[in-house]
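Take 3 as the starting number for the sequence shown in my numbering and just add one per residue. Even glycine gets a Cβ: it sits at the ideal position worked out from N, Cα and C. This one's a predicted model, so the numbers in the text were calculated from it and none came from an experiment. Each remark here refers to the structure printed beneath this line.
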Amino acid sequence: MTMTPVMMSLLTTIRQWIDAMTDVIAPRRCAVCHRVLGHGEQWLCRACLEQMPLTGYHSREFKFNPMEQLFAGRVPIERATALFHYRRGDPYASILHDIKYRHTPLLGTWLMERYARQLQQIGWLDGITAVVPVPLHRSKLASRGYNQALLLARGVAQAVPDIEVIEAVKAIRAHATQTHKNAIERQKNVQGCFAPTDDAATRLADRHILLVDDVVTTGSTLEACAQVLLEAVPGLKISIISLAGATLD
Ligand SMILES: [Zn+2]
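Structure below.
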């Protein structure tokens, strides 16, 4: 059935009406300040979106980019950036908590899609043809129901149609929570946790990929994933992106 313009506008009206009704029953609130969202606002209110503590790492050269420096000498990467600064207790830190534990991973997809669009405009994504999420072990996947990194990867692919999502790394062993571990403990903790998928080498050979995770703290998880891919895939180039970077500067 083809939609006539009249039907389309009727559908739009119905959708707006449903949105308005839903807002009355359970108003959508800003993920940061929890104020009720206004018309045209999605996930975050305009003020919180404007005041977001952006890192701007994407426009910095290596010596001023703490995220690229974090991986230097550990694993060879092309570029690295994060959307915003993560500081414990900061109101914006609740975004990470929301997408992981409060079942709102689409907030992450939305933020990453906006960021990827911006990165594409300045050429930061040039040459990158695939986005690879950090995997979640099946035991965690079963309890959470989704892998937040995969939903972030989808945000990138939604913004840039030339970039496809490829789940090229699998979590073969569950690791203990990283929260209270220092850098060396974290590095040991993730050793042997990841492996490339069987088709990683054929699908990713000679390509430049973007490895994605929700937050970078010591970088040990991303380092371990990058390491197993570089060992398995010939001619692979890796760049790194995360939603948040933990107080790197
Ligand atoms: Zn707000």
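Span of the alpha helix (DSSP H) around residue i
i: aspartate 100; result: 95 to 103
i: alanine 173; result: Run containing alanine 173: none in the alpha helix (DSSP H); it sits in the beta strand (DSSP E), 171 to 173.
i: glutamine 229; result: 222 to 234
i: lysine 142; result: 140 to 146
i: valine 158; result: 150 to 161
Residue range of the unbroken beta strand (DSSP E) whose run includes residue i
i: serine 61; result: Counting along the chain, serine 61 falls outside any beta strand (DSSP E), and DSSP gives it neither H nor E.
i: proline 78; result: Premise fails: proline 78 is in no beta strand (DSSP E) and is neither H nor E.
i: leucine 135; result: Looking at the sequence itself, residue 135 is proline, so the reference to leucine does not match. 130 to 135 is the extent of the beta strand (DSSP E) around proline 135.
Residue i, buried or exposed, once every other Cβ within 10 Å from all chains shown has been counted against 16
i: isoleucine 16; result: exposed
i: alanine 22; result: exposed
i: glutamine 150; result: buried
i: cysteine 35; result: exposed
i: asparagine 67; result: buried
i: histidine 60; result: buried
i: methionine 10; result: exposed
i: histidine 87; result: buried
i: valine 192; result: buried
i: leucine 212; result: buried
i: threonine 249; result: exposed
i: aspartate 208; result: exposed
i: methionine 114; result: buried
Under the three-state DSSP convention, the category residue i falls into
i: tyrosine 88; result: strand
i: lysine 190; result: helix
i: isoleucine 39; result: For the sequence presented, residue 39 should be read as leucine rather than isoleucine. Here leucine 39 sits in coil by DSSP.
i: lysine 239; result: strand
i: proline 198; result: strand
i: aspartate 216; result: strand
i: glycine 110; result: helix
i: isoleucine 211; result: strand
i: valine 8; result: helix
i: leucine 46; result: strand
i: leucine 206; result: helix
i: alanine 33; result: coil
i: alanine 22; result: helix
i: alanine 246; result: strand
Supposed contact pair residue j and residue i - C-beta distance, whole angstroms, cut 8 Å
i: glycine 157; j: histidine 210; result: At roughly 19 Å, the Cβ-Cβ gap does not stay under 8 Å, so glycine 157 and histidine 210 are not in contact.
i: valine 218; j: alanine 84; result: 6 Å
i: alanine 197; j: proline 236; result: Actually they are not in contact, since the Cβ atoms of alanine 197 and proline 236 sit about 17 Å apart, beyond 8 Å.
i: alanine 127; j: valine 214; result: As written in the sequence, residue 127 is leucine, which differs from the alanine given in the question. That belief does not hold up - the Cβ atoms of leucine 127 and valine 214 are roughly 12 Å apart, past 8 Å.
Counting Cβ pairs, one atom from each stretch, are 3 or more of them under 8 Å apart for the segment 67 to 87 and the segment 217 to 229? yes
Evaluate contact between the segment 121 to 135 and the segment 85 to 94, counting only Cβ atoms and requiring at least three cross-stretch pairs below 8 Å. no
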